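Enquirer: Shown below is the structure under consideration.
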Amino acid sequence: MAGVTRPLRVLIVDDDALVRAGLSMMLDGTGGIAVAGEAADGDEVPAAADAHAPDVVLMDLRMPRVDGVTATRRLRARANPPEVIMLTTFDSDENILHALRAGASGFLLKDTPPDRIVHAVRRVAAGEPILSPRITRRLMDRAAVEAGAHQRARAALDRLSPRENEVVLAIARGRSNADIAAELFMSVATVKAHVSSVLTKLDLDNRTQIALLAHDAGRA
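This is how it looks when you write it as C-alpha cells:
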C-alpha cells in the first residue's frame, strides 16, 4: 500500500534466553520495529540471517561456540549485510574494539535504557553509528596506540580531498549527516555522497570505521 513503510527487522543473537526474551518484548512493543528472529549463538547467525533478512542485528559479544566478533566479521563479509550493534556486559572488554573493526556499527552495554536501544536500532538502520558514551573515548584512545596505526591512518586520509577530510572529522566528532550539512554549508545529499566516496576510497564498511581511522590519525 502506498505510503506504508515496513518496520525495521531486528535479529537478536544472545546465548541467554532471558536476555533474548527481554529484548524481544521491548522491541516488539515499539512502533516501526519488529523482531524478525532470534539466535542462541554466533554459529547460528548465517542461517538466521538467511531466514529472517534482518536490517539490524543485536549481537552478544561473548557466546560459547562462536563469539560475536567472529560472527560479525563473517556476517559483514556477505553481500548486502545487515548492520550490527554489539551488546556487552563488560565495558572493559578489549574485544569490543575488534568488533568495531570487524564491521559492527557500534556497541551498547546491556544495561542501556530501553529507549536508547530503540534509538540505536533506528540510527544504525539509517547508516549512522551508535557508541556508548561511557566507553567511546577509551576505545578510541586504545585504537590510536596500536602498532603502526597512526602512520597508516594518516596515509589513508591523505588520499582524500580536503572536503572529504572535513566530513571525516565531523563524523569522528559524532555529527549526524544533518549536522555536517549545516556545519559545512552543503546539502545532506552532498554529505552522503562524500561519506560514500570516503568508504569506497578507503575500503571501509561504515561510519564507525571512519571515526576510528580519524582517531588513529590523531585528527579527532
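Last residue of the sequence shown: 851 in this note's numbering, with the numbers rising by one and none dropped.
C-beta atoms are modelled at their ideal positions from N, C-alpha and C, and glycine is treated no differently.
Because the structure is a prediction, the values reported are computed rather than measured.
1. Suppose you measure from the CA of R705 to the CA of A780; what does that come to, to the nearest Å?
2. For A813, count the other beta carbons within 10 Å of its own beta carbon; 16 or more makes it buried, fewer makes it exposed. Which is it?
3. Give the DSSP-derived three-state secondary structure of I800 in the structure shown.
4. Hey, how far is the Cα of H750 from the Cα of V829?
5. What runs of the beta strand (DSSP E), each 3 residues or longer, lie entirely inside the segment 675–704?
6. Excluding the 5 residues flanking A755 on each side, which residues of the same chain have their C-beta closer than 7 Å to its C-beta?
7. Hey, could you find the ends of the alpha helix (DSSP H) E759 is sitting in?
8. Contact between the segment 674–682 and the segment 647–657: three or more CB pairs below 8 Å?
9. Check for me: the alpha helix (DSSP H) holding R640 runs from which residue to which?
10. Tell me whether T821 sits in a helix, a strand or coil according to DSSP, three-state version.
11. Among residues of its own chain, excluding the 5 on either side of L815, which ones have a beta-carbon nearer than 8 Å to its beta-carbon?
12. Could you tell me the distance, in whole angstroms, from the CA atom of A845 to the CA atom of P712?
13. Output the distance between the C-alpha atoms of H825 and L649, rounded to the nearest integer angstrom.
14. For the putative contact between L718 and M690, defined by C-beta atoms under 8 Å, what is the C-beta separation to the nearest angstrom?
15. Exposed or buried, what is R651 when buried is set at 16 or more other beta-carbons lying within 10 Å of its beta-carbon?
Expert: According to the data block:
1. Counted from its first residue, the sequence shown places residue 705 at position 74. Counted from its first residue, the sequence shown places residue 780 at position 149. Going by the C-alpha atoms only, they are around 23 Å apart.
2. Within the sequence shown, the letter at position 182 stands for residue 813. The residue in question, A813, is exposed, as its Cβ has fewer than 16 Cβ neighbours within 10 Å.
3. The count along the sequence shown starts at 1 and reaches residue 800 at position 169. Just to set this straight, residue 800 is Leu in the shown sequence, not Ile. Here L800 sits in helix by DSSP.
4. Indexing the sequence shown from 1 puts residue 750 at position 119. Indexing the sequence shown from 1 puts residue 829 at position 198. Near 25 Å, if we compare the C-alpha coordinates of V829 and H750.
5. Fully enclosed beta strand (DSSP E) runs of no fewer than 3 residues occupy 687–691 of the segment 675–704, in order along the chain.
6. Counting from 1 along the sequence shown, the entry for residue 755 is found at position 124. In the sequence as displayed, the identity of residue 755 is Val instead of Ala. Here V755 has V687, E714, I716, S736, G737, I761 as same chain residues with Cβ atoms under 7 Å from its own Cβ, once five neighbours each way along the sequence are excluded.
7. The count along the sequence shown starts at 1 and reaches residue 759 at position 128. Counting along the chain, E759 falls outside any alpha helix (DSSP H), and DSSP gives it neither H nor E.
8. Between the segment 674–682 and the segment 647–657, the count of C-beta pairs closer than 8 Å stays below three; the two stretches do not touch.
9. Here the question's residue 640 lines up with position 9 in the sequence shown. Segment 639–644 is the beta strand (DSSP E) holding R640; no alpha helix (DSSP H) there.
10. One-based indexing of the sequence shown puts residue 821 at position 190. DSSP places T821 within a helical segment (H, G or I) once states are collapsed to three.
11. Taking the sequence shown and counting its residues from 1, the one referred to as residue 815 is at position 184. If the five residues before and after L815 are omitted, its C-beta is found closer than 8 Å to the C-beta atoms of R794, E797, V798, A801, V822, all from its own chain and listed in chain order.
12. What you label residue 845 is simply residue 214 of the sequence shown in a count that begins at 1. What you label residue 712 is simply residue 81 of the sequence shown in a count that begins at 1. If I take the Cα positions, the gap works out to 24 Å.
13. In the sequence shown, counting from the first residue as 1, residue 825 sits at position 194. In the sequence shown, counting from the first residue as 1, residue 649 sits at position 18. Per the coordinates, the alpha-carbon of H825 lies some 42 Å from the alpha-carbon of L649.
14. In the sequence shown, the residue the question calls residue 718 occupies position 87. In the sequence shown, the residue the question calls residue 690 occupies position 59. L718 to M690, Cβ: 6 Å. Contact.
15. Here residue 651 refers to the residue found at position 20 when the sequence shown is read from its first residue. Buried is the call here.
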